[in-house]
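**Q**
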Amino acid sequence: MRTRWRARGISSSGLLPLRGVSVATWYSTGERRHVQVNCLRATRVSEQRVLPSVAGCIARYGETEPRIHAFARFEAEAALLMETGLRAAGDLGALSGVPVGVKDIFDTAGVPTECGSALFRDRIPDHDAAVVRNLRAAGAVIVGKTITAELAFLHPGPTRNPWDTTRTPGGSSMGSAAAVAAGVVPLAVGSQTNGSVIRPAAFCGVVGFKPTFGRLSRDGMLRFSRTLDHVGGFARSVEEVARLVAAMAGEDASRWWADDTGTPRYAALRTSEWAHAEEPARHRFQSDVDRLAAAGGPIDWPNPPDGLDDAPALVRTIMLFEAARGLGPRIAGREKLVSDTARRALAEGAAIADEAYAAALRERERLVGAFSSWAARYDAVLTLPAIGEAPGPETTGDPRFCSRWSLTGAPAITIPTGLGPHRLPLGLQLVAAPGDDRRLLAAAAWAEARVPSIGSPPL
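Position in the sequence shown counted from 1, then plus 81, gives you my numbering.
So this is what it looks like as structure tokens:
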């Protein structure tokens with residue numbers, strides 16, 4: 082049952098973002114104007130620029146949640162108490178006092194983690210997931226659990242897109258993407274098995290980053306596919322998402338982020354899925370490539386490694402085989418608690434032969450090596466993140482432009498670059514060789530500085 086919180090009576094005066102915080106778009110209480118604040122290198126905001134932190138998050142939640150339904154659970158009182166404790170203790174870490182939303186497949190000690198499914202109703206973990214534990218150690222304030230598609234798969238949930246509440250925010254990390262886009266939280270945690278970070282980030286007009294497979298711990302996270310599940314994050318800028326994942330990893334930001342790395346070398350890639358992309362998305366992609374080239378970024382148009390076009394089918398084989406054997410036993414005898422979408426997918430996975438699964442794993446291993454060698458020549462590969470603007474709420478969208486990078490474990494990031502004919506976000510996906518996360522983030526930041534800003538949703 083969702084916890085409701087009304088923000089009336091809460092004063093935001095005197096609450097300031099603390100040192101080390103990267104705060105994205107924060108909306109002033111009761112007003113439509115917004116203020117951009119970058120506290121990554123700042124100490125404290127001056128008294129003339131008092132901005133809400135946790136209190137502002139609570140107020141914005143109250144304004145937007147009835148329309149977008151981003152949170153499965155919102156812990157307002159606990160968040161205020163945590164912020165008070167951090168303030169009393171002083172600066173405790175790189176994200177001290179920053180409100181963060183966490184996808185409801187990551188364990189949070191003492192707070193229900195229900196994975197968007199009645200199978201896990203009222204499940205209360207004893208321990209935090211590793212990335213949650215690291216965020217707390219960095220001083221982040223976990224304000225709530227964001228809605229996930231059922232079992233982090235495909236079945237649509239109640240969350241709506243802040244740009245147009247008749248549209249999907251994507252999935253499965255729908256609540257995290259929507260919460261950041263709506264300005265409720267500046268940072269949020271997500272996951273991706275096929276396209277569950279990149280696609281919702283693109284649909285909601287925020288930055289979504291999926292690091293190299295295995296770079297962030299999956300301890301305490303619902304497993305759907307042990308071979309393909311990635312941990313990722315959402316923010317309003319490339320630098321902010323770099324700071325987020327550094328904290329999630331329990332590492333210094335310098336291991337993920339560097340200023341002034343020079344002009345990147347890009348490869349632009351039209352995959353075999355190009356024909357499925359909508360015309361506005363294709364036009365936006367070409368405009369983005371032309372803009373980066375005009376700014377001095379060298380861009381090649383190479384042919385991708387052989388076999389990479391088989392990625393969607395390979396992902397489906399591996400993902401459903403593993404999900405059927407991992408989640409299937411939990412569902413046995415409780416089939417009424419899951420959707421038809423999940424039942425059909427798990428039945429398909431159960432029917433996949435061991436030999437077919439083993440062959441898919443061998444081909445994946447070959448493609449990881451081939452793509453790694455091919456992509457190492459570039460700082461980033463440019464491609465589409467989704468087929469176009471967000472569709473209606475009956476679907477979470479098509480993940481086909483993400484499958485290759487989930488299969489190969491490559492780091493991938495999407496940045497918003499424009500609006501389509503329905504005034505919905507379109508974006509640019511950048512990918513690098515596995516292990517080249519820092520290089521990718523630098524290339525993405527260079528591109529981000531040279532594409533138009535899309536602003537904030539009219540919510």
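Heads up, the beta-carbon is just placed ideally off N, CA and C, and yes, glycines get one too.
Return the chain-ordered list of same chain residues with a C-beta closer than 6 Å to the C-beta of P515, the five sequence neighbours on each side being excluded.
**A** Residues of the same chain with a CB within less than 6 Å of the CB of P515, apart from the 5 flanking positions on each side, are T293, S453, G490, A491 in chain order.
**Q** Report the CB separation of F482 from E359 in whole angstroms; it is logged as a contact under 8 Å.
**A** 12 Å between Cβ atoms; not a contact.
**Q** Nearest by alpha-carbon distance to D371: which of A348, D387, G343 is it?
**A** A348
**Q** Of the residues C138, I494, A169, which one's Cα is nearest the Cα of F315?
**A** I494
**Q** Could you pull out every residue in the same chain whose Cβ sits closer than 7 Å to the Cβ of P506, ignoring the five residues on either side in sequence?
**A** W244, A283, F284, C285, G286, P497, L500, I535
**Q** Can you give me the Cβ contacts of R299 inside the same chain, cut-off strictly under 7 Å, excluding the 5 residues immediately before and after it?
**A** D310, V312
**Q** Can you tell me whether L511 is helix, strand or coil according to DSSP?
**A** strand
**Q** Would you kindly work out how many angstroms separate the C-alpha atoms of T352 and L373, rounded to a whole number?
**A** 20 Å
**Q** Assign W527 to buried or exposed, taking buried as 16 or more other Cβ atoms, counted over all protein chains shown, within 10 Å of its Cβ.
**A** buried
**Q** Assign H115 to one of three DSSP states: helix, strand, or coil.
**A** Because the pLDDT at H115 is just 33, under 50, the model does not fix this residue reliably, and the value given afterwards should be weighed accordingly. In the structure shown, H115 sits in a strand (DSSP, three-state: E or B).
**Q** What would DSSP say about G251, mapped onto helix, strand or coil?
**A** coil
**Q** Mind the definition here: the stretch 322-335 touches the stretch 199-208 only if three or more C-beta pairs lie below 8 Å; say whether that holds.
**A** no
**Q** Among the residues of its own chain, which have a CB less than 7 Å from the CB of A525, if the five just before and after it don't count?
**A** Beyond the five residues adjoining it in sequence on each side, A525 comes within less than 7 Å, by CB distance, of V319, A461, I494, I496, L511 in the same chain, given in chain order.
**Q** Going straight from the alpha carbon of V278 to that of P466, what length do you get?
**A** The alpha-carbon atoms of V278 and P466 are separated by roughly 10 Å.
**Q** Just reading off the beta strand (DSSP E) that Y347 is part of, what are its end residues?
**A** Counting along the chain, Y347 sits inside the beta strand (DSSP E) bounded by residues 347-349.
**Q** Could you spell out where the alpha helix (DSSP H) holding I468 opens and where it closes?
**A** Looking at the DSSP string, I468 is not in any alpha helix (DSSP H), and its letter there is neither H nor E.
**Q** Going residue by residue through the stretch 409-462, where are the continuous alpha helix (DSSP H) segments of at least 4 residues, counting only ones entirely within it?
**A** The qualifying runs are 421-431, 435-456.
**Q** If you count every other CB in all the chains shown that lies within 10 Å of the CB of P539, and 16 or more means buried, which is it?
**A** P539 should be labelled exposed.
**Q** Contact check, V222 vs E164 under 8 Å by CB: the rounded distance?
**A** Right, their Cβ atoms sit about 5 Å apart.
**Q** Quick one: is A530 buried, meaning 16 or more other Cβ sit within 10 Å of its Cβ, or exposed?
**A** exposed
**Q** According to DSSP, F290 sits in a beta bridge with which residue or residues?
**A** G314, I494
**Q** Which residues does DSSP pair with G499 in a beta bridge?
**A** In the DSSP assignment, the residues bridged to G499 are L507.
**Q** Would you mind stating whether T422 and L235 have Cβ atoms separated by less than 8 Å?
**A** It is a contact, given that the beta carbons lie within the stated cut-off.
**Q** Just checking: is the beta-carbon of A260 within a distance shorter than 8 Å of some beta-carbon in chain B?
**A** Any reference to chain B falls outside this structure, which holds one protein chain only.
**Q** Would you decide whether W382 is buried or exposed? Buried here means 16 or more other CB atoms lie within 10 Å of its CB.
**A** exposed
**Q** Spatial neighbours of T342 within its chain, please: CB distance less than 6 Å, with the 5 preceding and 5 following residues excluded, ordered by chain position.
**A** A523
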